[in-house]
Amino acid sequence: PKVRYRNRRLMIDSDAHNLALYFASKNLTPRFRPNALESSSSVNLQSKPFEYISSSSSLSKHHSNFIFPNCIGLAAGFDKGGMAIQGLMEMGFGFVEIGSITPLPQPGNPKPRSFRLVQDKAIINRFGFNSCGSDAVSTRLQQFRLSQQSLHEIAKHDQNQNSTDNAFTHLLTTALNRLHALLYDNNTPSQPPITSILGVNLGKNKTSQDEIKDYVEGLTKLGPYADYIVINISSPNTPGLRDLQIGQRLRSLLQAVIQARNALPTHNAPPYPSPPHPYNETFSIPNKTRTGKDIPLFVKIAPDLTQEQLADVADAILSCDIDGVLIGNTSDQKPDSLQSIQHTHETGGLSGQPIRQLSTQCIRDMYKLTSGKIVIIGIGGVSSGWDAFEKLKAGASAIQIYTSLVYEGPGLVSRIRAELAQHMRDHGLRNVVDVVGLDHDDIYWQNRMQRAKLQRSKEHVIVDL
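Read in order, the letters of the sequence shown are residues 18 to 482 in the working numbering.
Rendered as structure tokens:
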């Protein structure tokens, strides 16, 4: 804590961010520290969001194989250009979202544009979609996917090699690998890289006169490399952007991006295997081709919407067959409860602890408005396992963090996962699906019965005569 405090005093926000991004790009950040509950499979933090929504929804048909290795992800904003994806995955995130990415490079708003509210564990920022542009990010994503393909081939080779070993040799090798990991703090070059899900967050250029064209261009160029895509229409730092959350402008945008996504040509699905590792989620989706419809499409909204506006957004998302919503972006509210003396007057979006309850209530309202028929990713003020647990109960299928990393450091990811697993264990809940929507008794049990009915329909009954 003292080191982090001194760093906050000695380094301005932008320099600290750039240094952290550099360390992550060089794989110099702390690796995920396993916890006992996950390692022993007593609690499973894996999230299959399209299995949690109502089985009557058409969305679950297209993305039934979509899996978050664990339900804690990194929100967009930290890695805007896809420079440190692998290093961030190594920290233990179940999914990493890069961006926001605009079609053309733009510098964003003048510096300083980020301000720490230390007493509140919050940040006010007015970055304004600073971006290196979609062409530069496309090149980086292509290189990243090629490196993942190499990892996939290595993992397949290792699995084939293990299948030829006798049982005793396999058990001995596994035991020695685990001992090696414990002795060297699970952070040695001999361990295979951790892989997870990659999200791409899209924005519009500040001077653009055609926002639909911007989002369609970004989706067309970057969509083939993404595991999911986010349409960000909720930043308070781009003039007029939040107007896209309302009425016919929202529907026109959603219809256009859905059409653009569906029109993506058939291409090889990005490989995202998890190489065999005693402390890592082991799942593997075989290489295959996919169409645009196989890529989940989300929209990111603000937590400041009124009940009427939120209902309109819910109706637009359902009617346009958008796969889900991220709730939410930074808030343009400055509550009277802020304790920090400096920087509270700065313009920009507020993030961190002060908006935790605001975003959780917005998640709760959206889940109720949609009857649990869309996927919700919860963001805003999450700095502990309990904060994540609250958002899952409110209706989120997965959680993202960012601001809390500034105050707690990269080890926070491991701590949140351990605390969340413990809270689930204390409440008698083993899987994330058992937590999602617990605050809504009627919807929760209705959806649970539908899932149970669907599961029974897939079972094969063998009668022994």
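Where is the CB? At the ideal position from N, CA and C, for every residue including glycine.
Note that this is a predicted model, so its numbers are computed, not measured.
Nearest-angstrom Cα separation, counted from I358 out to H284: As a first step, residue 284 is located in the sequence shown; it is residue number 267 there, counting from the start. As a first step, residue 358 is located in the sequence shown; it is residue number 341 there, counting from the start. H284 and I358 have their C-alpha atoms spaced approximately 53 Å apart.
Residue from L62, M100, F67 whose Cα sits closest to the Cα of G90: For this step, residue 90 is matched to residue 73 along the sequence shown. Scanning L62, M100, F67 for the CA closest to the CA of G90 turns up L62.
DSSP bridge partner residues for Q417 (one or two, in chain order): Position 400 of the sequence shown holds residue 417. Answer is G90, I396, bridged to Q417.
Contact check, R130 vs F146, beta carbons under 8 Å: Numbered from 1 along the sequence shown, position 113 holds the residue referred to as residue 130. Numbered from 1 along the sequence shown, position 129 holds the residue referred to as residue 146. Contact annotation: R130 and F146 have beta-carbon atoms that are not nearer than 8 Å.
Sequence-distant residues of the same chain with beta carbon closer than 8 Å to A328, five excluded per side: Along the sequence shown, one-based indexing puts residue 328 at 311. If we look at A328 and ignore the five residues flanking it on each side, its Cβ neighbours are L386.
Among L422, A280, A53, P122, the one whose alpha carbon lies nearest that of R442: Translated into positions along the sequence shown, residue 442 becomes position 425. Cα-wise, what sits closest to R442 is A53.
As assigned by DSSP and simplified to three states, the class of L270: Indexing the sequence shown from 1 puts residue 270 at position 253. Here DSSP, grouped into helix, strand and coil, assigns L270 to helix.
Same chain, Cβ closer than 8 Å to Y201, five either side skipped, listed in chain order: Looking up residue 201 in the sequence shown gives position 184. With a pLDDT of 48 at Y201, under the threshold of 50, the modelled position of this residue cannot be trusted, and the question is left open.
DSSP state of G412 mapped onto helix, strand, coil: Looking up residue 412 in the sequence shown gives position 395. In this structure, G412 counts as coil in the three-state DSSP scheme.
Separation of R133 from E363, as counted between CA atoms: The residue given as residue 363 occupies position 346 in the sequence shown. The residue given as residue 133 occupies position 116 in the sequence shown. It is roughly 11 Å from the alpha-carbon of E363 to the alpha-carbon of R133.
Close Cβ partners of I460 (< 8 Å) along its chain, the five nearest in sequence each way excluded: Working through the sequence shown from its first residue, we reach residue 460 at position 443. Listed in chain order, the non-local C-beta contacts of I460 below 8 Å within the same chain comprise Y384, K385, S388, G389, G454, local neighbours out to five positions each way being set aside.
Among G397, Q103, D349, D456, nearest to S42 - alpha-carbon criterion: For the purposes of this step, residue 42 is taken as residue 25 along the sequence shown, with counting starting at 1. Comparing Cα positions, the closest option is Q103.
Residues bridged to Y245 (per DSSP): As a first step, residue 245 is located in the sequence shown; it is residue number 228 there, counting from the start. BP columns for Y245 point to G216.
heavy atom of the ligand ZN below 7 Å from Q326 C-beta: The ligand ZN is absent from the structure shown, which contains no ligands of any kind.
Contact check, N218 vs N254, beta carbons under 8 Å: Locating residue 218 in the sequence shown gives position 201, where the first residue counts as 1. Locating residue 254 in the sequence shown gives position 237, where the first residue counts as 1. No, Cβ-Cβ distance for N218 and N254 is not below 8 Å.
Three CB pairs or more closer than 8 Å across the stretch 271-287 and the stretch 306-325: By the Cβ rule, the stretch 271-287 counts as touching the stretch 306-325, because three or more pairs are nearer than 8 Å.
Spatial distance of S354 from F161 (CA atoms): Residue numbering aside, residue 354 sits at position 337 when the sequence shown is read from its first letter. Residue numbering aside, residue 161 sits at position 144 when the sequence shown is read from its first letter. Their Cα atoms are separated by approximately 43 Å.
Cα-Cα separation between S401 and I393, rounded to whole angstroms: In the sequence shown, counting from the first residue as 1, residue 401 sits at position 384. In the sequence shown, counting from the first residue as 1, residue 393 sits at position 376. Taking the straight line from one Cα to the other gives about 19 Å.
Proximity to G345 [Cα-Cα], best of I396, A101, F112, D244: Your numbering for residue 345 matches position 328 in the sequence shown. For the options I396, A101, F112, D244, the alpha carbon positioned closest to that of G345 is the one of I396.
Secondary structure of H80, DSSP reduced to three states: Reading the sequence shown from its first residue, position 63 is the one you call residue 80. DSSP places H80 in the coil class of the three-state scheme, outside both helix and strand.
Cutoff 7 Å; reference P352; Cβ partners in own chain excluding five residues on either side: Residue mapping note: residue 352 aligns to position 335 of the sequence shown, counting from 1. For P352, where only same-chain residues beyond five positions count, the Cβ hits under 7 Å are P371.
Bounding residues of the alpha helix (DSSP H) (the contiguous stretch that carries L343): On the sequence shown, residue 343 is found 326 positions in, with the first residue counted as 1. Here L343 belongs to no alpha helix (DSSP H); instead the beta strand (DSSP E) covers 341-344.
Proximity winner among R447, S59, L121, relative to T224 (alpha-carbon distances): Here the question's residue 224 lines up with position 207 in the sequence shown. Nearest Cα to T224 within the set R447, S59, L121: L121.
Where Y424 falls, given that 16 or more other Cβ within 10 Å makes a residue buried: Along the sequence shown, one-based indexing puts residue 424 at 407. Burial call: buried.
Boundaries (first-last residue) of the alpha helix (DSSP H) holding F40: For the purposes of this step, residue 40 is taken as the residue at position 23 of the sequence shown. Counting along the chain, the alpha helix (DSSP H) containing F40 begins and ends at 30-42.
Neighbour-count burial assignment, Y39, 16 or more Cβ in a 10 Å radius: Within the sequence shown, residue 39 is the residue found at index 22, counting from 1. Looking at its Cβ environment, which holds fewer than 16 other Cβ atoms inside 10 Å, Y39 is exposed.
Presumed contact (8 Å Cβ cut-off) between S213 and P51, rounded CB distance: Locating residue 213 in the sequence shown gives position 196, where the first residue counts as 1. Locating residue 51 in the sequence shown gives position 34, where the first residue counts as 1. Not quite, the Cβ-Cβ distance comes to about 15 Å (not below 8 Å), so this is no contact.
Beta-bridge partners of E114, as assigned by DSSP: Within the sequence shown, the letter at position 97 stands for residue 114. BP columns for E114 point to G216.
Contacting residues, own chain, Cβ-Cβ under 6 Å from M100 (five flanking each side not counted): Along the sequence shown, read from residue 1 onward, the residue named residue 100 stands at position 83. Apart from sequence neighbours up to five positions away, the residues of its chain that approach M100 with a beta-carbon distance below 6 Å are S42, ordered along the chain.
Supposed close pair G426, N142 - CB separation, criterion 8 Å: Indexing the sequence shown from 1 puts residue 426 at position 409. Indexing the sequence shown from 1 puts residue 142 at position 125. Rounded, the Cβ-Cβ distance is 19 Å, inconsistent with contact.
With 16 other Cβ atoms within 10 Å as the buried cut-off, status of P108: Stepping through the sequence shown from its first residue, residue 108 is reached at position 91. Reading off the sequence shown, one finds Met at residue 108, where the question assumed Pro. Result: buried.
Beta-carbon contacts of P287 that lie in its chain and below 6 Å, excluding the five residues immediately before and after: The residue you call residue 287 lines up with position 270 of the sequence shown. R162.
T377 burial status per 10 Å Cβ neighbour count (16 or more: buried): Translated into positions along the sequence shown, residue 377 becomes position 360. Counting C-beta atoms within 10 angstroms of its own C-beta, T377 has 16 or more neighbours from the protein chains shown and is therefore classed as buried.
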